[in-house]
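Enquirer: Residue 76 in this note's numbering is what sits at position 76 of the sequence shown, and the numbering runs on without skipping anything. Glycine included, each C-beta is placed from N, C-alpha and C at the ideal position.
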Amino acid sequence: LGIKIPELLRDRLADGNLVDLAGVIERKLNQKGSIQLILAVTRADIVLEQTMSEDDMKRVEIRNRKTELGFKNVDLILESRLMADERPQIALVFAETSITDADFNAGKEAAESKIDFDEFRINFANPDDVVTNLKALDEDEYDAIALIRGGGSGIEHLDDVDVLETVCNMSIPVICAVGHVEE
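1. Cα separation between residue 141 and residue 116?
2. Between residue 72 and the rest of its own chain, which residues show a CB-CB distance below 7 angstroms, the 5 nearest in sequence each way excluded?
3. Where does the unbroken alpha helix (DSSP H) through residue 135 begin, and where does it stop?
4. Measure the alpha-carbon distance for residue 26 versus residue 36 and round it to whole angstroms.
5. Taking buried to mean at least 16 other C-beta atoms within 10 Å of its own C-beta, is residue 166 buried or exposed?
6. Beta-carbon within less than 6 angstroms of residue 162's beta-carbon, same chain only, minus the 5 sequence neighbours each way: which residues are those?
7. By DSSP, does residue 120 sit in helix, in strand, or in coil?
8. In whole angstroms, what is the alpha-carbon distance linking residue 134 and residue 97?
9. Opposite residue 45 in the DSSP bridges: which residues?
10. Within 8 angstroms, do at least three Cβ pairs link the stretch 1-11 to the stretch 38-48?
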């Protein structure tokens with residue numbers, strides 16, 4: 001859904017504000033047969049100013065930057081190695097005290113016939129430790145780095161601005177398996 005905001009209304013908007021928009025939905029048929037929906041805004045009311053913290057705004061900026069840079073296609077990277085009869089190298093990063101690896105091992109055992117895994121344990125509750133370890137792993141020859149953690153308390157540390165910035169700047173693609181099975 002695209003949003004088209006007239007300049008007069010756009011000038012009143014600021015980053016981090018919660019805004020109520022009203023307008024008319026327009027549709028545009030693209031040459032490839034898809035339909036793009038556009039909200040042509042006729043009214044913009046500020047409901048609440050600065051609903052986002054500075055860290056929240058940094059998180060959005062980091063995620064947008066990563067989207068602009070493009071995501072690495074991990075499937076393609078691994079498939080290319082396998083088709084060349086090479087064994088992909090994947091770093092598995094578990095939380096120090098996690099028992100998540102017990103759940104994870106069932107799937108990993110099937111893949112071990114074709115893929116090499118190195119396991120690491122780090123303190124996910126300490127963002128500085130996560131950053132230091134990820135930067136060190138990014139210097140190695142891995143095809144991918146997998147962050148594996150169950151859910152529960154402390155999971156918010158993975159959303160730390162420094163952790164996100166580090167992941168965004170890594171040359172090796174990062175795969176995340178975070179949360180409980182039922183989540």
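Expert: Looking at the coordinates:
1. In a straight line, the C-alpha of residue 141 is about 12 angstroms away from that of residue 116.
2. If we look at residue 72 and ignore the five residues flanking it on each side, its Cβ neighbours are 173.
3. 127-138
4. 8 angstroms
5. Counting Cβ neighbours within 10 Å, residue 166 comes out buried, since at least 16 surround it.
6. 127, 131.
7. strand
8. 18 angstroms
9. Looking at the DSSP assignment, residue 45 forms a beta bridge with 20.
10. yes
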